[in-house]
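Here's the structure, in structure tokens; my notes come after.
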Amino acid sequence: MKVIEYLSQLDRRIVYLVLAFAVMLPLIIPSVQRVRVMTPVAKLFNAVDAIPDDRILMIDFDYDPQTLPEMEPMGIALLRHAFQKRIRVAALSLYVQPLGLAKRALDQVTEEFNQRATSYADSVIYGRDYVFLGWQPPPIVPLLGMGISITSVYTRDYYGYRTDSLPMMRRVRNFNDVGILVSLSGATAPLWWVAYSQTRFGVAVGAGITAVSASEFYQYYQTGQFSGLMIGMKGAAEYEELVETKLMLVDRRKASEALGSLTAAHLTMIAFIIIGNVGYFVRRRSRKGVVK
Amino acid sequence: MNITHDPWVWISGLLTICILSFLYRDNPFYKFAEHLFVGVANGYFLTFTVHRVLIPNLFSPLFNEGRLFFILPFMVGMLYVMRFITRVSWLVRIPIAVTIGYYTGAVIPATVQADIIRQIQGTILTPSNFQAWNAGSNGILWSVILFIGVVCTLSYFYFSREHKGVLGVTSRIGIIFIMIGFGAAFGYTVMARVSLLIGRFQFILGPWLGIIE
Amino acid sequence: MKRRFPLLLVFIFGIMGIIPYYIPHAAYQNFDNGLRNDFLRILSAFAIILGLVSLMRVHHDKIKRKRENWQFSYVLIIGFVVSGIIGLLGGVEGELFLPTRIAGFQFDIQTLYLNIIVPLGSTMFALLAFFMASASYRAFRARSLESSLLLGAAFIIMIGVLPLADRISTHLPSFAQWVMDIPNVAAKRGITFGIALGGIATSLKIILGIERSWLGGKE
Amino acid sequence: MTFVILAGIFALAPPTGVNAYDTPNDGGGSVTVEWQLSSDDAIIEGYEIYRSEEGKDYDLVGFIGRGRTRYEDETENDIAYTYQVAALNNSERFFSETSPPVMSKPQLFDRDATMLLIGMIIFCAIILYFINQARRGKKLFIRKITGLDAVDEAVGRATEMGRPILYCMGIGLVDYIATIASFNILGEIAKKTGQYETPLIVPTSDPVVYTVAREIVKESYATIGRPDLFDSDKVYFVTDSQFAYAAAIDGVMLREKPAANFFIGYFKAESLIMAETGASTGAIQIAGTDQITQLPFFVTACDFTLIGEELYAASAYISKEPLLLGAIKGEDLGKIVILSILAIASVIGLLTRFPILNLFR
Numbered sequence: 006m007k008v009i010e011y012l013s014q015l016d017r018r019i020v021y022l023v024l025a026f027a028v029m030l031p032l033i034i035p036s037v038q039r040v041r042v043m044t045p046v047a048k049l050f051n052a053v054d055a056i057p058d059d060r061i062l063m064i065d066f067d068y069d070p071q072t073l074p075e076m077e078p079m080g081i082a083l084l085r086h087a088f089q090k091r092i093r094v095a096a097l098s099l100y101v102q103p104l105g106l107a108k109r110a111l112d113q114v115t116e117e118f119n120q121r122a123t124s125y126a127d128s129v130i131y132g133r134d135y136v137f138l139g140w141q142p143p144p145i146v147p148l149l150g151m152g153i154s155i156t157s158v159y160t161r162d163y164y165g166y167r168t169d170s171l172p173m174m175r176r177v178r179n180f181n182d183v184g185i186l187v188s189l190s191g192a193t194a195p196l197w198w199v200a201y202s203q204t205r206f207g208v209a210v211g212a213g214i215t216a217v218s219a220s221e222f223y224q225y226y227q228t229g230q231f232s233g234l235m236i237g238m239k240g241a242a243e244y245e246e247l248v249e250t251k252l253m254l255v256d257r258r259k260a261s262e263a264l265g266s267l268t269a270a271h272l273t274m275i276a277f278i279i280i281g282n283v284g285y286f287v288r289r290r291s292r293k294g295v296v297k
Numbered sequence: 077m078n079i080t081h082d083p084w085v086w087i088s089g090l091l092t093i094c095i096l097s098f099l100y101r102d103n104p105f106y107k108f109a110e111h112l113f114v115g116v117a118n119g120y121f122l123t124f125t126v127h128r129v130l131i132p133n134l135f136s137p138l139f140n141e142g143r144l145f146f147i148l149p150f151m152v153g154m155l156y157v158m159r160f161i162t163r164v165s166w167l168v169r170i171p172i173a174v175t176i177g178y179y180t181g182a183v184i185p186a187t188v189q190a191d192i193i194r195q196i197q198g199t200i201l202t203p204s205n206f207q208a209w210n211a212g213s214n215g216i217l218w219s220v221i222l223f224i225g226v227v228c229t230l231s232y233f234y235f236s237r238e239h240k241g242v243l244g245v246t247s248r249i250g251i252i253f254i255m256i257g258f259g260a261a262f263g264y265t266v267m268a269r270v271s272l273l274i275g276r277f278q279f280i281l282g283p284w285l286g287i288i289e
Numbered sequence: 019m020k021r022r023f024p025l026l027l028v029f030i031f032g033i034m035g036i037i038p039y040y041i042p043h044a045a046y047q048n049f050d051n052g053l054r055n056d057f058l059r060i061l062s063a064f065a066i067i068l069g070l071v072s073l074m075r076v077h078h079d080k081i082k083r084k085r086e087n088w089q090f091s092y093v094l095i096i097g098f099v100v101s102g103i104i105g106l107l108g109g110v111e112g113e114l115f116l117p118t119r120i121a122g123f124q125f126d127i128q129t130l131y132l133n134i135i136v137p138l139g140s141t142m143f144a145l146l147a148f149f150m151a152s153a154s155y156r157a158f159r160a161r162s163l164e165s166s167l168l169l170g171a172a173f174i175i176m177i178g179v180l181p182l183a184d185r186i187s188t189h190l191p192s193f194a195q196w197v198m199d200i201p202n203v204a205a206k207r208g209i210t211f212g213i214a215l216g217g218i219a220t221s222l223k224i225i226l227g228i229e230r231s232w233l234g235g236k237e
Numbered sequence: 006m007t008f009v010i011l012a013g014i015f016a017l018a019p020p021t022g023v024n025a026y027d028t029p030n031d032g033g034g035s036v037t038v039e040w041q042l043s044s045d046d047a048i049i050e051g052y053e054i055y056r057s058e059e060g061k062d063y064d065l066v067g068f069i070g071r072g073r074t075r076y077e078d079e080t081e082n083d084i085a086y087t088y089q090v091a092a093l094n095n096s097e098r099f100f101s102e103t104s105p106p107v108m109s110k111p112q113l114f115d116r117d118a119t120m121l122l123i124g125m126i127i128f129c130a131i132i133l134y135f136i137n138q139a140r141r142g143k144k145l146f147i148r149k150i151t152g153l154d155a156v157d158e159a160v161g162r163a164t165e166m167g168r169p170i171l172y173c174m175g176i177g178l179v180d181y182i183a184t185i186a187s188f189n190i191l192g193e194i195a196k197k198t199g200q201y202e203t204p205l206i207v208p209t210s211d212p213v214v215y216t217v218a219r220e221i222v223k224e225s226y227a228t229i230g231r232p233d234l235f236d237s238d239k240v241y242f243v244t245d246s247q248f249a250y251a252a253a254i255d256g257v258m259l260r261e262k263p264a265a266n267f268f269i270g271y272f273k274a275e276s277l278i279m280a281e282t283g284a285s286t287g288a289i290q291i292a293g294t295d296q297i298t299q300l301p302f303f304v305t306a307c308d309f310t311l312i313g314e315e316l317y318a319a320s321a322y323i324s325k326e327p328l329l330l331g332a333i334k335g336e337d338l339g340k341i342v343i344l345s346i347l348a349i350a351s352v353i354g355l356l357t358r359f360p361i362l363n364l365f366r
């Protein structure tokens, strides 16, 4: 009984240290984690893969530093998928804070491809293979405006170029030229693309979301409003798995590397809940004992 | 253990420690880091608002291309400044009314379509919905459970009658579905919060201290 | 006049927000697009600028009145002014006239973003993992049928999501997926209907001038 | 056209059944061209679309990959066009017959949006009907929310133990619906605690919310004839920073040791920090918010939780404010309409061949 008594009275800072170690150890001693791909991620991958060559992939980078570790691997995996399959990409954000991270992901993946590229044709050129449209407030302006004319919403792109001067944008007018729009967001942005843009213009929408809001998105996935769903770091690891196995593209997989820590941390959390509850019920029964 | 020499990575590392110090207790380092965050984040916000919104969409059409129409949005926008002049501070209600009006109008059809009509479509008991699960004959059972769950959850949030009799039963079933839904949210939230911590340790152990590559 | 005109405006623009869903005619669609791009966008930019100004006034006022933690308001204002100058005069890519690189030390707005905003923002939320751990340990109790159901479903998801789940039993991940696809969707859909109807009620009250709290102020 | 005949030896089959029509439900300026795949679709590169304007010769207007059977061509309104589609295989073209002439026109009403219009009218009418009923003072019944009994019990317990009550409204602003609902409940609790002189601590995270909360507590004490009870350092503004506010609330819980904690209003990730410390002090905890992501933590850490709409219903029940009651009654009828649509559509969907789902596209 003494052990349970002690275990259920641990000081908060000891709990923090236990969690810190549970997360750090698997990072220092990495173990290969096999990733099983579930249907929501497979559907998103296939939807992006099936984009015809006269349409583009639009990526809404709407994650900010708060959800960076879950979402950046998704953005990078999506960009690798698009550039490997020569699918043209238009990147944008509904908010200003995600811009810096969108630029970081775009720079990293274009760098990866241009280092491997052997000719002008198979390298990734700004304006031809991808454009970075940047941010325009308020969100309803791009949500509804891009159904009529993308260049009327983003007169200038992130770098300040006139968008109607970019070669790629000459054949991309509005949502009819978008194969699928994948919204990577730590909040409710994907729901807006469904409620406003899909309702008005019928554009296909996919979502990459933080695991916090996962349970609220499944209802829109079940109705088919979302063509696919990536949820949290696990969803990112699944997409990384598909990019590696389906496209034979081997690169650093940050989300998959973290799965060891994720496992250790989850087991630690479950242990805390169980110990806490055992201590609670033991105390409650002993208090009842005293009363009797 | 090759610790980095890039000054910016050291600044990031020290700011990370300032925030983590909140775990011990609220302290001046945490307050410094938090106020710096709000300051620099708003500096970033101001930069893009001016360079990528106001200049290309208001100042250059109005002053470079001389399109005088843009005087109108410019004037209405300036009404926001009236907030600081008490005698005419009511004028700030005009731009607010335009913004709130259009947004509130656009929300209604979007909500009716995405949150009501399409959600009803996904719940209706009909063969094509049964096959949508592509789980063979199980699909019928899944659709029926889903249907019952939606009906009972809705009955739990029904306030015009006491939860007695049939309504009592359905709302009891409803709360069970709600609790499973919250459990799912709880489980995924644990994954999300832990992932953020893993991301921070990937930075500290990687680029900063060089323990992992 | 001070109340009737804004309420009339909110009604007119409310209707103008609804109509475009039903009238695809190119003339009206272009008008609607122009209204958003040339009007709402500029108003929103002004509102942002005014919001930043009033934030600075609040902290300036805090310094003058020496309220609690006033010293840190200096940090906020200096952080805003320095990063604002670097951004406005240095340009988004450091392309304008203000030099943003001195002897190899670069400090353009994107570098400030990556090395100040990113670490602070992500660590702020990484704290939550620690709070989640101590809350799991000290507060999350199976005190009733409801909370036991909740914790049970949470365990299924927390284990089902891990690669480890496959080794326990190949059915576990698909069972976790089932919990998300059926009972979770049923519960959240029931809740969404309520929230959607509530949202429509609130929007109608605003457009029709029944709900006037946004006007603010007495007269 | 001559070189097609020369290539007759290994000619490929052109696409068949070419048809062109004005793209429906659009702003005009677009014609949809459709065709059946050429039987040699697998080996051709794709299809070229040729257009002739009022009998002039054909020119190339578009190209699309193989396996595709539809192309939307950008056109001028009210001009007659005819189309031909050619199967393209390394610079050899095999033309289909010409399509009937077609003109693109804008439509005034989008027929695809008919169900959306009907749905919007139904639900708006229901809600407006009840808001009018409420404004005309008609008596509207709402059941007592079970959460409110837990509130009475918590106040009673705090009074017995002679310890204060902590009322935390979260980090919402004054126009958030959850914060407005919390004001009503604060007023009710202030009246109850006033009767037994139990101290009520209300730390807020927004200056405007602070001013409104102070007025409400002052007013509640006045209505029960005890204006002297109001103590200005029990209702105060702490800070508007999310985590610093949570840390300050923890400090109050550990120092003042309130017997009951209320977390009612708009909460984000900081809800966890406060609910945890409160649970560890052994106080009765009652929560209420419409932020779905925070509800799981409140349910497991608190003794009772008002879930989403229950918070709105509780505030309407207490305040009896007609507009709140009207909205809730309207939403209730809206739920009945949704339930009946689900039932009727399912009956049709199960018993008949009618494609019921197309009605809800």
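Protein chains in written order, with our numbering: chain H, 6 to 297; chain W, 77 to 289; chain E, 19 to 237; chain R, 6 to 366. By construction, the Cβ of each residue, glycine as well, lies at the ideal position given by its N, Cα and C atoms.
query	result
With H, G and I counted as helix, E and B as strand and the rest as coil, what does DSSP make of alanine 192(H)?	coil
Measuring alpha carbon to alpha carbon, tell me which of Ile127(R), Ser104(R) and Glu79(R) ends up nearest lysine 340(R).	Ile127(R)
Is arginine 98(R) buried or exposed, if buried means 16 or more other CB atoms sit within 10 Å of its CB?	buried
How is the alpha helix (DSSP H) around aspartate 184(E) delimited, first residue to last?	182 to 186
Check distances from the C-beta atoms of the stretch 84 to 103 of chain E to those of chain W and list, in chain order, the residues that come in under 9 Å.	Asn87, Gln89, Phe90, Ser91, Tyr92, Val93, Leu94, Ile95, Ile96, Gly97, Phe98, Val99, Val100, Ser101, Gly102 and Ile103
Quick one: what's aspartate 31(R) bridged to in DSSP?	In the DSSP output, where bridge partners are listed per residue, aspartate 31(R) has none listed.
Would you report the Cα separation of threonine 28(R) and glutamate 77(R), rounded to the nearest angstrom?	8 Å
Could you have a look at asparagine 51(H) and say whether DSSP puts it in helix, strand or coil?	helix
Taking only beta-carbon positions, decide if methionine 6(R) is within less than 8 Å of chain H.	Because methionine 6(R) carries a pLDDT of 46, less than 50, the predicted location of this residue cannot be relied on, and no value is offered for it.
Going by C-alpha distance, which of Phe26(H), Asp59(H) and Tyr21(H) is nearest phenylalanine 180(H)?	Asp59(H)
Grouping DSSP H, G and I as helix and E and B as strand, with all else coil, what is tyrosine 120(W)?	helix
Look at the Cβ atom of phenylalanine 98(E), then the Cβ atom of glycine 259(W), and state whether they are nearer than 8 Å.	no
Which residues bound the alpha helix (DSSP H) around isoleucine 95(W)?	83 to 96
Express the C-alpha separation of alanine 183(R) and glutamate 57(W) in angstroms, rounding to a whole number.	Here chain W has residues from 77 to 289 only, and residue 57(W) is not among them.
Would lysine 334(R) be called buried (16 or more neighbouring beta carbons within 10 Å of its own) or exposed?	buried
Tell me, to the nearest whole angstrom, how far the beta carbon of leucine 362(R) is from that of serine 204(W); I am working on the premise that it is less than 8 Å.	6 Å
Given a limit of 7 Å on CB to CB distance, which residues of the stretch 131 to 155 of chain R reach chain W?	Phe146, Ile147 and Arg148
Considering Cα atoms alone, identify which of Phe50(H), Val20(H), Tyr21(H) and Pro35(H) is closest to threonine 250(H).	Phe50(H)
In chain order, what residues of the stretch 164 to 183 of chain W put their CB closer than 7 Å to some CB of chain H?	Tyr179 and Ala182
Using the C-alpha atoms, what's the distance from arginine 59(E) back to threonine 268(H)?	45 Å
Is lysine 297(H) close to chain R, meaning its C-beta is less than 8 Å from at least one C-beta of that chain?	Bear in mind that a pLDDT of 41 at lysine 297(H), under 50, signals an unreliable position, so the number given afterwards is only what the model happens to contain. Output row for lysine 297(H): interface = no.
So, under 8 Å CB-CB, arginine 93(H) and tyrosine 135(H) are touching, yes? Tell me the CB distance rounded to an integer number of Å.	7 Å
With DSSP as the reference, label alanine 182(W) as helix, strand or coil.	helix
So within the stretch 286 to 362 of chain R, which uninterrupted beta strand (DSSP E) runs reach at least 3 residues, ignoring any that extend past its ends?	289 to 294 and 309 to 312
Have a look at Leu272(H), Ser220(H) and Pro103(H) and flag the residue whose alpha-carbon is nearest the alpha-carbon of phenylalanine 137(H).	Pro103(H)
State the Cα-Cα distance for the pair glycine 207(H) and tyrosine 179(W), rounded to the nearest angstrom.	20 Å
Let me check understanding here. Comparing Cα to Cα, which of Leu15(H), Val42(H) and Val23(H) lies closest to valine 248(H)?	Val42(H)
Does aspartate 16(H) pass the burial test, meaning 16 or more other C-beta atoms within 10 Å, or should it be called exposed?	exposed
Using a beta-carbon distance cut-off of less than 8 Å, what residues from the stretch 261 to 278 of chain R approach chain E?	Ala274, Leu277 and Ile278
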